[in-house]
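Colleague: Letter by letter, the sequence shown follows residues -3 to 333 of my numbering. Each residue gets a CB set at the ideal place from its N, CA and C atoms; glycine is no exception. Got a structure here, written out as C-alpha coordinates. Questions coming.
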Amino acid sequence: MTLEKQKKIAIITGANSGVGFAICQRLLETEGDEITIVMACRNPSRAEKARELLRQQFPSGHIELELVDVGSMNSVFSFCQSIQNKYSHVNYLFCNAGILNTKGINWMTVVRLFFTDPVGLVERSDATIQNVGEINADGIGEIFAANVLGHYIMMREMEGLLDRSGDGRIIWTSSITAKYDCFDIDDWQGVKSKEPYESSKWACDLVSIQSNERFQREGLKVSSFTTSPGVVASQIGGLAAWIVYFRILIHYLMRILGVASQNISSYNGAIADVYVALAPLASLDHLLRYNSYTNRWGTPYVEATMIPKYDHDIAKKLVDKCELTYQAFKKSNSVQQ
(Lines of atoms letter the chains of each structure in order from A and count residues from 1; the text may use other names and numbers.)
(Lines give C-alpha, C1' and ligand atoms only; values in the text may rest on other atoms or scores of the structure.)
Protein backbone atom coordinates (compact mmCIF):
# COMPACT_ATOMS: atom_id res chain seq x y z
CA MET A 1 0.00 0.00 0.00
CA THR A 2 1.26 3.43 -0.94
CA LEU A 3 1.33 5.66 2.15
CA GLU A 4 0.10 9.23 1.76
CA LYS A 5 0.18 10.27 5.40
CA GLN A 6 1.54 13.74 4.75
CA LYS A 7 -1.10 14.79 2.24
CA LYS A 8 -4.84 15.14 2.28
CA ILE A 9 -6.57 12.88 -0.22
CA ALA A 10 -9.62 14.18 -2.08
CA ILE A 11 -11.66 11.97 -4.40
CA ILE A 12 -13.96 13.79 -6.81
CA THR A 13 -16.35 11.86 -9.04
CA GLY A 14 -17.24 13.45 -12.36
CA ALA A 15 -14.06 15.50 -12.11
CA ASN A 16 -13.36 15.95 -15.82
CA SER A 17 -15.92 18.72 -16.33
CA GLY A 18 -18.44 21.06 -14.75
CA VAL A 19 -18.67 21.37 -11.00
CA GLY A 20 -16.37 18.38 -10.47
CA PHE A 21 -13.55 20.03 -12.39
CA ALA A 22 -14.15 23.29 -10.53
CA ILE A 23 -13.93 21.46 -7.19
CA CYS A 24 -10.47 20.27 -8.25
CA GLN A 25 -9.48 23.82 -9.15
CA ARG A 26 -10.67 25.29 -5.87
CA LEU A 27 -8.99 22.61 -3.77
CA LEU A 28 -5.68 23.08 -5.57
CA GLU A 29 -5.95 26.86 -5.14
CA THR A 30 -6.52 26.63 -1.40
CA GLU A 31 -4.53 23.53 -0.43
CA GLY A 32 -1.71 23.64 -3.00
CA ASP A 33 0.73 20.77 -2.77
CA GLU A 34 -0.70 19.67 0.59
CA ILE A 35 -3.45 17.73 -1.15
CA THR A 36 -3.65 14.89 -3.66
CA ILE A 37 -6.52 15.20 -6.09
CA VAL A 38 -7.98 11.91 -7.33
CA MET A 39 -10.08 12.57 -10.42
CA ALA A 40 -12.64 9.77 -10.61
CA CYS A 41 -13.93 9.78 -14.18
CA ARG A 42 -15.69 7.50 -16.65
CA ASN A 43 -14.24 8.61 -19.99
CA PRO A 44 -10.44 8.11 -20.15
CA SER A 45 -9.69 10.56 -22.97
CA ARG A 46 -11.76 13.37 -21.46
CA ALA A 47 -10.29 12.66 -18.06
CA GLU A 48 -6.73 12.87 -19.36
CA LYS A 49 -7.45 16.16 -21.12
CA ALA A 50 -8.96 17.56 -17.93
CA ARG A 51 -5.95 16.46 -15.90
CA GLU A 52 -3.61 18.16 -18.35
CA LEU A 53 -5.59 21.39 -18.01
CA LEU A 54 -5.25 21.20 -14.23
CA ARG A 55 -1.53 20.49 -14.51
CA GLN A 56 -1.10 23.55 -16.69
CA GLN A 57 -2.90 25.69 -14.12
CA PHE A 58 -1.22 24.05 -11.11
CA PRO A 59 2.21 22.73 -12.17
CA SER A 60 3.11 21.65 -8.63
CA GLY A 61 -0.25 20.01 -7.94
CA HIS A 62 -0.58 16.32 -7.15
CA ILE A 63 -3.26 15.09 -9.54
CA GLU A 64 -4.10 11.42 -10.02
CA LEU A 65 -6.61 9.76 -12.32
CA GLU A 66 -8.88 6.79 -11.60
CA LEU A 67 -11.48 5.41 -13.98
CA VAL A 68 -14.95 4.57 -12.70
CA ASP A 69 -18.49 4.46 -13.99
CA VAL A 70 -20.60 5.33 -10.95
CA GLY A 71 -23.62 3.80 -12.68
CA SER A 72 -21.96 0.36 -12.88
CA MET A 73 -21.71 -1.49 -9.58
CA ASN A 74 -18.82 -3.71 -10.70
CA SER A 75 -16.92 -0.63 -11.83
CA VAL A 76 -17.52 1.04 -8.47
CA PHE A 77 -16.24 -1.97 -6.52
CA SER A 78 -13.13 -2.18 -8.72
CA PHE A 79 -12.51 1.53 -8.22
CA CYS A 80 -12.82 1.23 -4.45
CA GLN A 81 -10.39 -1.68 -4.40
CA SER A 82 -7.88 0.39 -6.36
CA ILE A 83 -8.22 3.28 -3.89
CA GLN A 84 -7.78 0.92 -0.93
CA ASN A 85 -4.62 -0.48 -2.49
CA LYS A 86 -3.07 2.95 -3.10
CA TYR A 87 -4.00 5.11 -0.12
CA SER A 88 -3.86 4.73 3.64
CA HIS A 89 -6.65 7.25 4.21
CA VAL A 90 -9.13 9.51 2.42
CA ASN A 91 -10.06 12.96 3.69
CA TYR A 92 -12.76 13.96 1.24
CA LEU A 93 -15.17 12.02 -0.95
CA PHE A 94 -17.07 14.34 -3.28
CA CYS A 95 -20.11 12.44 -4.58
CA ASN A 96 -20.53 14.76 -7.52
CA ALA A 97 -21.00 12.73 -10.70
CA GLY A 98 -24.55 12.52 -11.97
CA ILE A 99 -26.72 12.12 -15.03
CA LEU A 100 -29.97 13.61 -16.29
CA ASN A 101 -31.47 11.85 -19.30
CA THR A 102 -33.88 13.98 -21.31
CA LYS A 103 -35.76 13.81 -24.57
CA GLY A 104 -36.69 17.41 -25.12
CA ILE A 105 -38.33 20.58 -23.88
CA ASN A 106 -42.02 21.20 -23.24
CA TRP A 107 -42.31 24.60 -24.88
CA MET A 108 -45.84 25.18 -23.64
CA THR A 109 -44.51 24.88 -20.09
CA VAL A 110 -41.69 27.28 -20.94
CA VAL A 111 -44.17 29.90 -22.13
CA ARG A 112 -46.46 29.39 -19.13
CA LEU A 113 -43.63 29.67 -16.60
CA PHE A 114 -42.15 32.66 -18.38
CA PHE A 115 -45.29 34.65 -17.62
CA THR A 116 -46.35 33.07 -14.31
CA ASP A 117 -43.14 31.95 -12.56
CA PRO A 118 -39.97 33.21 -14.28
CA VAL A 119 -37.79 32.36 -11.27
CA GLY A 120 -39.10 28.81 -11.32
CA LEU A 121 -38.35 28.64 -15.03
CA VAL A 122 -34.65 29.29 -14.46
CA GLU A 123 -34.30 27.40 -11.16
CA ARG A 124 -36.23 24.21 -11.86
CA SER A 125 -36.46 21.71 -14.68
CA ASP A 126 -40.25 21.67 -14.96
CA ALA A 127 -40.07 22.24 -18.71
CA THR A 128 -37.52 19.47 -19.28
CA ILE A 129 -39.03 16.19 -20.47
CA GLN A 130 -37.10 13.43 -18.73
CA ASN A 131 -36.87 9.80 -19.79
CA VAL A 132 -39.02 7.50 -17.67
CA GLY A 133 -38.51 3.83 -16.80
CA GLU A 134 -34.81 3.52 -17.58
CA ILE A 135 -33.05 0.51 -16.03
CA ASN A 136 -29.30 -0.09 -16.22
CA ALA A 137 -27.44 -3.34 -16.85
CA ASP A 138 -27.44 -4.10 -13.12
CA GLY A 139 -31.23 -3.96 -12.98
CA ILE A 140 -31.21 -0.66 -11.07
CA GLY A 141 -32.95 2.55 -12.05
CA GLU A 142 -30.37 4.24 -14.28
CA ILE A 143 -30.56 7.71 -12.77
CA PHE A 144 -30.66 6.40 -9.20
CA ALA A 145 -27.69 4.10 -9.81
CA ALA A 146 -25.45 6.89 -11.09
CA ASN A 147 -26.61 9.67 -8.78
CA VAL A 148 -27.13 7.76 -5.53
CA LEU A 149 -26.38 4.04 -5.28
CA GLY A 150 -22.92 4.09 -6.86
CA HIS A 151 -21.88 6.79 -4.42
CA TYR A 152 -23.52 4.97 -1.51
CA ILE A 153 -21.36 1.94 -2.30
CA MET A 154 -18.26 4.15 -2.48
CA MET A 155 -19.11 5.63 0.90
CA ARG A 156 -19.59 2.22 2.49
CA GLU A 157 -16.43 0.76 0.96
CA MET A 158 -14.30 3.76 1.97
CA GLU A 159 -15.61 4.34 5.49
CA GLY A 160 -12.46 2.86 6.98
CA LEU A 161 -10.19 5.11 4.91
CA LEU A 162 -12.29 8.17 5.73
CA ASP A 163 -12.25 7.34 9.43
CA ARG A 164 -8.45 6.98 9.41
CA SER A 165 -8.07 10.56 8.24
CA GLY A 166 -9.43 11.69 11.61
CA ASP A 167 -12.01 13.98 9.97
CA GLY A 168 -13.35 12.28 6.88
CA ARG A 169 -16.02 14.18 4.98
CA ILE A 170 -18.49 13.00 2.37
CA ILE A 171 -19.98 15.78 0.28
CA TRP A 172 -23.04 14.90 -1.78
CA THR A 173 -23.88 17.20 -4.68
CA SER A 174 -27.63 17.55 -4.33
CA SER A 175 -29.59 20.13 -6.30
CA ILE A 176 -31.76 23.18 -6.02
CA THR A 177 -34.32 21.05 -7.88
CA ALA A 178 -34.42 18.30 -5.22
CA LYS A 179 -38.02 18.02 -4.06
CA TYR A 180 -39.65 15.83 -1.43
CA ASP A 181 -42.82 15.47 -3.49
CA CYS A 182 -40.85 13.95 -6.38
CA PHE A 183 -39.69 11.07 -4.18
CA ASP A 184 -41.78 7.99 -3.40
CA ILE A 185 -40.35 5.35 -1.07
CA ASP A 186 -42.38 2.73 -2.96
CA ASP A 187 -40.52 3.82 -6.10
CA TRP A 188 -37.25 4.61 -4.36
CA GLN A 189 -35.20 4.20 -7.54
CA GLY A 190 -37.43 6.68 -9.37
CA VAL A 191 -38.13 4.30 -12.22
CA LYS A 192 -41.79 5.30 -12.52
CA SER A 193 -41.21 8.96 -11.72
CA LYS A 194 -41.60 11.62 -14.38
CA GLU A 195 -38.82 13.48 -12.56
CA PRO A 196 -36.24 10.79 -11.74
CA TYR A 197 -33.44 13.35 -11.48
CA GLU A 198 -35.21 15.38 -8.79
CA SER A 199 -36.16 12.16 -7.02
CA SER A 200 -32.53 11.02 -6.97
CA LYS A 201 -31.26 14.34 -5.65
CA TRP A 202 -33.80 14.30 -2.83
CA ALA A 203 -32.57 10.77 -2.10
CA CYS A 204 -29.03 12.17 -1.80
CA ASP A 205 -30.23 14.50 0.95
CA LEU A 206 -31.93 11.65 2.81
CA VAL A 207 -28.95 9.31 2.52
CA SER A 208 -26.52 12.00 3.65
CA ILE A 209 -28.44 12.90 6.81
CA GLN A 210 -29.17 9.31 7.76
CA SER A 211 -25.57 8.22 7.13
CA ASN A 212 -24.20 11.05 9.24
CA GLU A 213 -26.38 9.95 12.14
CA ARG A 214 -25.06 6.39 11.79
CA PHE A 215 -21.46 7.60 11.79
CA GLN A 216 -22.12 9.41 15.05
CA ARG A 217 -23.74 6.35 16.64
CA GLU A 218 -20.84 4.12 15.61
CA GLY A 219 -18.18 6.60 16.72
CA LEU A 220 -16.66 6.99 13.27
CA LYS A 221 -14.71 10.15 12.55
CA VAL A 222 -16.68 10.70 9.37
CA SER A 223 -19.29 13.33 8.49
CA SER A 224 -21.72 13.62 5.60
CA PHE A 225 -23.16 16.81 4.10
CA THR A 226 -25.17 17.89 1.07
CA THR A 227 -24.61 20.88 -1.17
CA SER A 228 -26.29 22.52 -4.12
CA PRO A 229 -24.35 24.12 -6.99
CA GLY A 230 -27.37 26.23 -7.83
CA VAL A 231 -27.96 26.83 -11.52
CA VAL A 232 -24.87 26.11 -13.60
CA ALA A 233 -24.75 26.34 -17.39
CA SER A 234 -23.55 22.79 -18.01
CA GLN A 235 -24.26 20.22 -20.71
CA ILE A 236 -26.07 17.87 -18.31
CA GLY A 237 -29.32 16.79 -19.89
CA GLY A 238 -27.90 16.74 -23.41
CA LEU A 239 -29.87 19.76 -24.60
CA ALA A 240 -29.10 21.42 -27.93
CA ALA A 241 -26.29 23.97 -27.81
CA TRP A 242 -28.53 26.86 -28.86
CA ILE A 243 -30.88 26.12 -25.96
CA VAL A 244 -27.94 26.11 -23.54
CA TYR A 245 -26.64 29.45 -24.84
CA PHE A 246 -30.09 31.02 -24.80
CA ARG A 247 -30.56 29.86 -21.22
CA ILE A 248 -27.24 31.42 -20.25
CA LEU A 249 -28.49 34.81 -21.42
CA ILE A 250 -31.65 34.36 -19.35
CA HIS A 251 -29.59 33.26 -16.34
CA TYR A 252 -27.46 36.41 -16.51
CA LEU A 253 -30.56 38.57 -16.76
CA MET A 254 -32.14 36.89 -13.74
CA ARG A 255 -28.92 37.22 -11.74
CA ILE A 256 -28.79 40.95 -12.45
CA LEU A 257 -32.36 41.10 -11.18
CA GLY A 258 -31.21 39.52 -7.91
CA VAL A 259 -31.85 35.76 -8.29
CA ALA A 260 -28.81 34.49 -6.41
CA SER A 261 -29.11 30.86 -7.53
CA GLN A 262 -27.88 31.83 -11.01
CA ASN A 263 -24.22 30.87 -10.56
CA ILE A 264 -23.83 30.11 -14.28
CA SER A 265 -20.15 29.15 -14.04
CA SER A 266 -19.12 25.81 -12.58
CA TYR A 267 -16.42 27.60 -10.60
CA ASN A 268 -19.06 29.62 -8.76
CA GLY A 269 -21.21 26.53 -8.39
CA ALA A 270 -18.41 24.61 -6.66
CA ILE A 271 -17.87 27.08 -3.83
CA ALA A 272 -20.25 25.31 -1.43
CA ASP A 273 -18.59 21.91 -1.91
CA VAL A 274 -15.16 23.20 -1.04
CA TYR A 275 -16.50 25.32 1.82
CA VAL A 276 -18.05 22.24 3.44
CA ALA A 277 -14.84 20.28 2.94
CA LEU A 278 -12.55 22.86 4.55
CA ALA A 279 -14.70 24.65 7.15
CA PRO A 280 -14.22 23.78 10.85
CA LEU A 281 -16.42 20.78 11.56
CA ALA A 282 -18.02 22.47 14.57
CA SER A 283 -19.37 25.21 12.29
CA LEU A 284 -21.30 22.79 10.07
CA ASP A 285 -24.72 21.18 10.47
CA HIS A 286 -25.58 17.93 8.67
CA LEU A 287 -29.28 18.86 8.67
CA LEU A 288 -28.61 21.82 6.38
CA ARG A 289 -27.98 21.97 2.65
CA TYR A 290 -25.08 24.28 1.75
CA ASN A 291 -25.93 26.30 -1.35
CA SER A 292 -23.67 28.06 -3.82
CA TYR A 293 -25.02 31.51 -4.65
CA THR A 294 -23.75 34.48 -6.66
CA ASN A 295 -24.77 38.10 -6.17
CA ARG A 296 -25.72 40.36 -9.05
CA TRP A 297 -22.13 41.61 -9.30
CA GLY A 298 -20.80 38.10 -9.89
CA THR A 299 -19.36 37.42 -6.41
CA PRO A 300 -20.05 33.86 -5.20
CA TYR A 301 -20.93 33.00 -1.61
CA VAL A 302 -22.33 30.14 0.49
CA GLU A 303 -25.64 30.12 2.30
CA ALA A 304 -27.06 27.22 4.31
CA THR A 305 -30.76 26.37 4.30
CA MET A 306 -32.87 23.75 6.03
CA ILE A 307 -33.75 20.69 3.98
CA PRO A 308 -37.53 21.07 3.84
CA LYS A 309 -39.83 18.31 5.07
CA TYR A 310 -37.06 15.87 5.93
CA ASP A 311 -38.66 12.63 7.15
CA HIS A 312 -36.46 10.49 9.39
CA ASP A 313 -38.54 7.34 8.89
CA ILE A 314 -38.52 7.64 5.10
CA ALA A 315 -34.77 8.33 5.15
CA LYS A 316 -34.15 5.22 7.26
CA LYS A 317 -36.24 3.07 4.94
CA LEU A 318 -34.32 4.38 1.94
CA VAL A 319 -30.93 3.74 3.52
CA ASP A 320 -32.05 0.25 4.56
CA LYS A 321 -32.95 -0.48 0.92
CA CYS A 322 -29.62 0.92 -0.28
CA GLU A 323 -27.78 -1.16 2.30
CA LEU A 324 -29.51 -4.40 1.29
CA THR A 325 -28.72 -3.66 -2.36
CA TYR A 326 -25.11 -2.83 -1.50
CA GLN A 327 -24.67 -6.08 0.43
CA ALA A 328 -26.18 -8.09 -2.43
CA PHE A 329 -23.84 -6.54 -4.99
CA LYS A 330 -20.88 -6.90 -2.62
CA LYS A 331 -21.58 -10.61 -2.24
CA SER A 332 -21.98 -11.01 -6.00
CA ASN A 333 -18.76 -9.10 -6.63
CA SER A 334 -16.87 -11.31 -4.15
CA VAL A 335 -18.14 -14.47 -5.87
CA GLN A 336 -17.03 -13.18 -9.28
CA GLN A 337 -13.53 -12.49 -7.96
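On the DSSP bridge list, what partners appear for residue 369?
Modeller: The shown model of the chain, from -3 to 333, leaves out residue 369, and the question about it has no answer.
Colleague: Please state whether DSSP places residue 106 in a helix, a strand or coil.
Modeller: Position 110 of the sequence shown holds residue 106. If DSSP states are grouped into helix, strand and coil, residue 106 belongs with the helices.
Colleague: Spell out the partners DSSP gives residue 286 in its beta bridges.
Modeller: Counting from 1 along the sequence shown, the entry for residue 286 is found at position 290. 223, 300.
Colleague: By the 10 Å Cβ neighbour count, where 16 or more other Cβ atoms means buried, how is residue -1 classified, buried or exposed?
Modeller: As a first step, residue -1 is located in the sequence shown; it is residue number 3 there, counting from the start. Low per-residue confidence applies at residue -1: pLDDT is 44, beneath 50, and the placement is therefore not dependable, though the value from the model is reported in the following sentence. With fewer than 16 Cβ atoms within 10 Å of its Cβ, residue -1 is classed as exposed.
Colleague: According to DSSP, which residues form a beta bridge with residue 334?
Modeller: Given that the chain is displayed from residue -3 to residue 333, the structure contains no residue 334 and the question cannot be resolved.
Colleague: For residue 26, report the span of its alpha helix (DSSP H) as first-last.
Modeller: In the sequence shown, the residue the question calls residue 26 occupies position 30. It spans 14 to 27 - the alpha helix (DSSP H) in which residue 26 sits, taken as one unbroken run.
Colleague: Among residues of its own chain, excluding the 5 on either side of residue 56, which ones have a beta-carbon nearer than 6 Å to its beta-carbon?
Modeller: Within the sequence shown, residue 56 is the residue found at index 60, counting from 1. Hits under 6 Å: 29.
Colleague: Pairing CB atoms from the segment 0 to 19 with CB atoms from the segment 254 to 265, are three or more of them under 8 Å?
Modeller: Judged by Cβ distances under 8 Å, the segment 0 to 19 makes contact with the segment 254 to 265, as three or more pairs qualify.
Colleague: Please go through the same chain and pick out, in chain order, the residues whose beta-carbon is closer than 7 Å to the beta-carbon of residue 322, but skip the five residues on each side of it.
Modeller: Counted from its first residue, the sequence shown places residue 322 at position 326. Excluding sequence neighbours, residue 322 sits near 148, 149, 152.
Colleague: Can the beta-carbon of residue 220 be found closer than 8 Å to that of residue 196?
Modeller: Position 224 of the sequence shown, counted from the start, is the residue given in the question as residue 220. Position 200 of the sequence shown, counted from the start, is the residue given in the question as residue 196. Their beta carbons are not under 8 Å apart, which means residue 220 does not touch residue 196 by this criterion.
Colleague: State the DSSP-derived secondary structure class of residue 86, mapped to helix, strand or coil.
Modeller: As a working note, residue 86 is residue 90 in the sequence shown. Of the three classes helix, strand and coil, the one that applies to residue 86 here is coil, per DSSP.
Colleague: If we call anything under 8 Å between Cβ atoms a contact, is residue 106 one with residue 227?
Modeller: What you label residue 106 is simply residue 110 of the sequence shown in a count that begins at 1. What you label residue 227 is simply residue 231 of the sequence shown in a count that begins at 1. Not in contact: residue 106 and residue 227 (Cβ atoms no closer than 8 Å).
Colleague: Can the beta-carbon of residue 192 be found closer than 8 Å to that of residue 139?
Modeller: Taking the sequence shown and counting its residues from 1, one reaches residue 192 at position 196. Taking the sequence shown and counting its residues from 1, one reaches residue 139 at position 143. Their beta carbons are under 8 Å apart, which means residue 192 touches residue 139 by this criterion.
Colleague: For the alpha helix (DSSP H) containing residue 265, name the first residue and the last one.
Modeller: The residue given as residue 265 occupies position 269 in the sequence shown. Run containing residue 265: 262 to 265, per the alpha helix (DSSP H) assignment.
Colleague: Beta carbon of residue 123, beta carbon of residue 109: below 8 Å?
Modeller: Within the sequence shown, residue 123 is the residue found at index 127, counting from 1. Within the sequence shown, residue 109 is the residue found at index 113, counting from 1. Closer than 8 Å, so yes.
Colleague: Spell out the partners DSSP gives residue 101 in its beta bridges.
Modeller: By one-based count along the sequence shown, residue 101 stands at place 105. Answer is 124.
Colleague: Since residue 245 is in the alpha helix (DSSP H), which residue starts that stretch and which ends it?
Modeller: Start at 1 with the first residue of the sequence shown, and residue 245 comes out as number 249. 237 to 252 is the extent of the alpha helix (DSSP H) around residue 245.
Colleague: Helix, strand or coil: which one does DSSP assign to residue 137?
Modeller: Mapped onto the sequence shown, residue 137 falls at position 141. In this structure, residue 137 counts as strand in the three-state DSSP scheme.
Colleague: Which stretch, first to last residue, makes up the alpha helix (DSSP H) that contains residue 305?
Modeller: Taking the first residue of the sequence shown as 1, we reach residue 305 at position 309. It is not in any alpha helix (DSSP H) - residue 305 carries neither H nor E in the DSSP assignment.
Colleague: With a 10 Å radius around its C-beta and 16 neighbouring C-beta atoms as the bar for buried, classify residue 111 as buried or exposed.
Modeller: Numbered from its first residue, the sequence shown carries residue 111 at position 115. The residue is exposed, with fewer than 16 neighbouring Cβ atoms inside 10 Å.
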